[in-house]
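Please read the structure below before turning to the comments.
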Amino acid sequence: MDDYPALLERQVELVREPGGWRVARETPTGAAAPWDLGTVRAVEGKHSLVLGLGEGAELTALAGLADRAVPAVEAVWGPSAARLLLELPLTEQQFARRMDVSADAYQGIAAVTLAVGGAPVHTPADRIVVNPDAYRQLSELGRRVVVTHEATHVATRADTRSWTPLWLSEGVADYTGYLGTGRTARQVAPELAEDVRAGRVPVALPADDAFTAGAAGIAQAYEQAWMACDLIARRHGQDRLVAFYRTVGAFGEGGLERAMRAQLGVGLLEFTKTWTTEVAGLRD
Numbered sequence: 640m641d642d643y644p645a646l647l648e649r650q651v652e653l654v655r656e657p658g659g660w661r662v663a664r665e666t667p668t669g670a671a672a673p674w675d676l677g678t679v680r681a682v683e684g685k686h687s688l689v690l691g692l693g694e695g696a697e698l699t700a701l702a703g704l705a706d707r708a709v710p711a712v713e714a715v716w717g718p719s720a721a722r723l724l725l726e727l728p729l730t731e732q733q734f735a736r737r738m739d740v741s742a743d744a745y746q747g748i749a750a751v752t753l754a755v756g757g758a759p760v761h762t763p764a765d766r767i768v769v770n771p772d773a774y775r776q777l778s779e780l781g782r783r784v785v786v787t788h789e790a791t792h793v794a795t796r797a798d799t800r801s802w803t804p805l806w807l808s809e810g811v812a813d814y815t816g817y818l819g820t821g822r823t824a825r826q827v828a829p830e831l832a833e834d835v836r837a838g839r840v841p842v843a844l845p846a847d848d849a850f851t852a853g854a855a856g857i858a859q860a861y862e863q864a865w866m867a868c869d870l871i872a873r874r875h876g877q878d879r880l881v882a883f884y885r886t887v888g889a890f891g892e893g894g895l896e897r898a899m900r901a902q903l904g905v906g907l908l909e910f911t912k913t914w915t916t917e918v919a920g921l922r923d
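If you read the sequence shown in this note's numbering, its first letter stands for residue 640, the second for the next number, and so on.
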């Protein structure tokens with residue numbers, strides 16, 4: 640499943656005894672491995688592998704959503720030979736230990752992607768880790784969108800770079816996640832629609848820090864990103880959205896304007912004005 644050997648740091652406490660040294664305690668240093676958290680169960684799907692600490696039925700349901708997500712993602716981004724790997728801790732505390740963060744760091748975030756421990760620092764995320772408390776609060780459609788969203792991040796990891804703006808990477812993930820659900824713009828972007836009706840129309844695409852977990856207005860940032868990518872797909876075609884995404888990664892840092900002109904025929908300023916008009920239409 641992994642492109643690199645998984646390396647996890649351990650702290651080992653040794654005790655000297657008459658017969659030699661004995662390992663008295665072994666604990667993870669930094670992020671915990673799934674098996675540090677309890678007994679791990681594995682459920683294999685057609686396109687996925689789920690590792691979890693919960694009930695088998697919950698793991699099977701997650702595998703089913705993953706198996707549905709993979710073909711949906713491949714229909715947009717092309718085929719992949721790799722199986723989708725997902726991890727489902729039992730509690731939010733276990734999720735925090737797996738991610739090596741505080742328990743409230745990802746509050747309200749249903750899932751994230753994570754790179755294998757020990758991989759080179761530039762290695763993009765290659766597995767999905769589900770935040771169980773937030774995930775369980777979602778509807779069936781919400782869970783489907785989340786899994787497809789995160790599967791898109793995995794599928795696009797080779798084309799995603801540090802300079803890829805989050806409005807684009809999160810936007811294409813939400814675009815793929817909501818594709819085929821039949822949801823209207825107001826249903827996908829209810830918080831943004833409420834802001835627009837209150838006279839708060841954004842004038843710029845969301846900055847990267849707007850997507851930080853816990854940030855004020857994070858819901859609106861995701862909704863703005865979705866609207867930007869949905870706009871590109873409707874105006875220029877889905878294939879052009881994919882090509883634009885890959886070109887941004889290929890052109891290097893500072894190449895967003897050039898990539899946009901090359902693939903969409905417009906500059907960032909002109910696109911932003913069109914997007915702002917589109918967002919303002921949510922008030923109607």
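Every residue gets a Cβ at the ideal spot worked out from N, C-alpha and C, and that includes glycine.
Just so we're clear, the structure is a prediction, and the values are computed from it rather than from any experiment.
By the 16-neighbour rule on beta-carbons within 10 angstroms, Q902 is buried. Nearest to R900 by alpha-carbon distance, out of A919, T916 and I871, is I871. Rounded to the nearest angstrom, the gap between the Cα atoms of G695 and A702 is 10 Å. When C-beta atoms of the segment 807-822 are compared with those of the segment 784-791, three or more pairs fall below 8 Å, so the two segments count as touching. DSSP places E665 within a strand segment (E or B) once states are collapsed to three. Close CB contacts of T752 within its chain, under the 7 Å cut and outside five residues either way in sequence, are with A764, R766, I767, E789, H792 and V793 (chain order). The beta-carbon separation of Q863 and L844, rounded to 7 Å, stays under the 8 Å limit for a contact.
With a threshold of 16 other beta carbon atoms within 10 Å, D834 meets it and is buried. Contact annotation, T803 with G888: C-beta distance approximately 6 Å; criterion of less than 8 Å satisfied. In the DSSP assignment, the residues bridged to W660 are R655. Selection E731, E726 and D706 evaluated against S719 yields D706 as nearest (Cα-Cα). Burial check for D739: the Cβ neighbour count within 10 Å stays below 16, so the residue is exposed. By the neighbour-count criterion, in which 16 or more other beta carbons inside 10 Å mark a residue as buried, Q859 falls on the buried side.
Contact between A852 and I748 holds, with the beta-carbon distance rounding to 5 Å and staying under 8 Å. DSSP, reduced to helix, strand and coil, places R766 within a strand of the structure shown. Residues of the same chain with a CB within less than 8 Å of the CB of L653, apart from the 5 flanking positions on each side, are W660, R661, V662 and A663 in chain order. When C-alpha distances from T678 are compared across R655, E726, G658 and V715, the shortest belongs to E726.
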